[in-house]
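Report on one structure; see the data block that follows.
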Amino acid sequence: MSGLNIVIPSQPIPDLAAYLDQGGGIGLETARRFGPDATIEEITASGLRGRGGGGFPTGAKWASIRRSGGGRHFVVANGAEGEPATFKDRVLMMADPYRVIEGLAIAAFAVDAKDVYLATKASFVDVVARLRSAVLEMEQNGMLGGLSVTIVEGPDEYLFGEEKALLEVIEGREPLPRQLPPWQHGLFATVPMGWESATAPGTDPPVSNPTLINNVETLASVTHILERGASWYRELGTVDSPGTITVTIVGDVVHPGVHEVEMGTTLSTVLEMCGGPLEGRKFKAALSGVSNPVLAAKDFDVPLTYEDFKARGSGLGAAGFVIYDETRDMVSVAREVSRFLSVESCGQCPPCKQGSLGITEHLVNIESGSGSDDDLGQMNRLLRTVNDANRCYLGTEEQVSVSSILRTFPEDFARRLDGIATGRGDVLIPLIKDIAADGTVTYDERHAKKRPDWTFED
Ligand SMILES: Cc1cc2nc3c(=O)[nH]c(=O)nc-3n(C[C@H](O)[C@H](O)[C@H](O)COP(=O)(O)O)c2cc1C
Ligand code: SF4
């Protein structure tokens, strides 16, 4: 970890006493002094945008939940961290869980929620333990003022991090995205989703319980903003993307790792912090998770902002990048992205599950050298419809990532169709288990054995 140390401290905060010594608690006190409306105005003035992948303005999200009627309000911190190539949320939750929990309490105060949930994966054993002990310390200290904080230990499925699936898991079900968004059908809502019959006479009126969901890095940033002020925050980053961002880099670099940098820092600067390409190699491409169009190496001078990535035809996402060098075959990269998404698709929307499985089959044919122009044509047809009438964004992720690789690296596909192997096919979608201080990355290789019905080969 190097770069700035604002959201992620240079040394882990050992306990609550150390946290309070370093200004912990000031953010929540400030929010209570401001009152809910002025707290939301401060977050809006800071320009903070959600770090979970979409970059949605945080203040606007909070204001809309606060204004919503329809029952009780809830807040959920999203620490599921399922996007391939991201590790920053685990680094943050281990280094400073207190600021995440304080940010959650500030959000609850602002949107008038009495119950909050902090959702992470059961398999992140150390993170769960760290969060539990931090919540206990903060409750015993009384600083949370009676707020009920529940730690949720969710499954490893990619969809668990999707907000509508996250709510299903909190309610005790599988991570299958529900129909309506969290502000229309929040936690424990009883309003009909569209197909149920109206409430029977004599029963309680249905409630929608609008629910706010924010990524854990977003919430840690909130604490800093309330502590130091929106204008301090705006001194960092750019006009449209203020503040800092924690970037994960894995793949073909000398020293993979997590770096917090000012927004607007170029991707190539962060790649230099990672030691650059392996000896004698040149960069070829970067994928921002599996949710955004591929970025070719000629665009690595792009500043890390939502607007600059969009202008280059890509997306910043959760700033987790897998870097590929010139030894890699982009047909194999496309096949692996598509395989990952087709396996993780839950199957509630046939165009998504069937389409992504079909696209993967065509890519396997092309990669094996037995593909034809017919594979390309059929794949392009499926790419057009894979996100038809879908409940969540996963089908669109398949569409934008695979079609962008086809568009950006047509020569790799042409050579494969001519039966020429162009590069290494040993591509792993980087589900990260750990990044050690020396840059050694441990991946979750088990995913290669995951079947489309979410069972595993022996
Ligand atoms: C398939 C899928 C997986 C997602 N996984 C995560 C995740 O692991 N962590 C996360 O914070 N957001 C994830 N998101 C985004 C969330 O749905 C949601 O937008 C985010 O938590 C909102 O927080 P923010 O406004 O602070 O960014 C995912 C979205 C999709 C479509
Ligand atoms: S779009 Fe895909 S992953 Fe999302 S709900 Fe539909 S089938 Fe499931």
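Letter 454 of the sequence shown, counting from 1, is numbered 595 in the numbering used here, and no numbers are missing. Cβ coordinates follow ideal geometry from the N, Cα and C atoms, glycine included.
- By alpha-carbon distance to glycine 200, the top candidate from Ala246, Arg319 and Asn355 is Asn355.
- Taking a contact to require three or more Cβ pairs closer than 8 Å, the segment 237 to 245 and the segment 375 to 385 do not qualify as touching.
- In the structure shown, alanine 270 falls within a helical segment according to DSSP collapsed to helix, strand and coil.
- The Cβ neighbour count for valine 266, taken over all protein chains shown within 10 Å, is under 16; the residue is labelled exposed.
- Taken in chain order, the whole alpha helix (DSSP H) runs of length 4 or more contained in the segment 540 to 596 are 551 to 558.
- Looking from the CA of cysteine 533, the closest CA among Leu328, Ile167, Pro316 and Leu412 belongs to Pro316.
- Each of Trp324, Gly488 and Pro491 was checked against the Cα of valine 348, and the nearest Cα belongs to Trp324.
- Taking the CA atoms as reference points, isoleucine 181 sits about 9 Å from alanine 172.
- Using a 10 angstroms sphere on the CB of aspartate 230, the tally of other CB atoms reaches 16 or more, which defines it as buried.
- Straight-line measurement puts the Cα of leucine 535 at about 21 Å from the Cα of methionine 334.
- The residue among Ala426, Ser511, Gly461 and Ala589 with its C-alpha nearest the C-alpha of leucine 547 is Ala426.
- The nearest non-hydrogen atom of ligand 1 is 6 Å or more from the C-beta of glycine 536.
- Of the candidates Gly196, Glu448 and Leu169, Leu169 places its Cα closest to the Cα of tyrosine 239.
- At the C-beta level, proline 225 and proline 571 come within 7 Å of one another.
- With fewer than 16 other beta carbons inside 10 angstroms of its own, arginine 565 counts as exposed.
- With fewer than 16 other Cβ atoms inside 10 Å of its own Cβ, glycine 286 counts as exposed.
- Relative to ligand 2, lysine 305 has its C-beta separated by 6 Å or more from all heavy atoms.
- With 16 or more other CB atoms across the displayed protein chains lying within 10 angstroms of its CB, asparagine 350 is buried.
- Listed in chain order, the non-local C-beta contacts of asparagine 433 below 6 Å within the same chain comprise Ser455, Gly456 and Gly458, local neighbours out to five positions each way being set aside.
- Taking the Cβ atoms as the reference, leucine 145 lies roughly 6 Å from valine 402, within the contact range of under 8 Å.
- Take leucine 517, set aside five residues on each side of it, and no residue of its chain has a beta-carbon closer than 6 Å to its own.
- By the Cβ rule, the segment 513 to 528 counts as touching the segment 491 to 501, because three or more pairs are nearer than 8 Å.
- DSSP links histidine 503 through a beta bridge to no other residue.
- Relative to serine 205, the option among Gly194, Gly220 and Pro177 whose CA is nearest is Pro177.
- Around the CB of glycine 510, fewer than 16 other CB atoms lie within 10 Å, so the residue is classed as exposed.
- For leucine 436 and leucine 428, the gap between their C-alpha atoms comes out near 6 Å.
- Contact between the segment 547 to 559 and the segment 248 to 256 is not established, with fewer than three Cβ pairs separated by less than 8 Å.
- In the DSSP assignment, isoleucine 247 falls within the unbroken alpha helix (DSSP H) covering 238 to 252.
- Beyond the five residues adjoining it in sequence on each side, isoleucine 167 comes within less than 8 Å, by CB distance, of Leu367 and Glu368 in the same chain, given in chain order.
- A direct Cα-to-Cα measurement between methionine 404 and isoleucine 386 gives close to 6 Å.
- Of the other Cβ atoms in all chains shown, 16 or more fall within 10 Å of the Cβ of serine 486; this residue is therefore buried.
- Between glycine 220 and threonine 185, the C-beta spacing is not below 7 Å.
- Scanning Gly164, Phe228 and Leu353 for the CA closest to the CA of lysine 305 turns up Leu353.
- At a threshold of 6 Å, glutamate 298 does not count as near ligand 1, since its beta carbon sits no closer than that to any of the ligand's heavy atoms.
- Taking alanine 159 as reference, the option from Ile311, Val543 and Asp237 with the minimal CA-CA separation is Asp237.
- Arginine 453 has its alpha-carbon roughly 12 Å from the corresponding atom of alanine 438.
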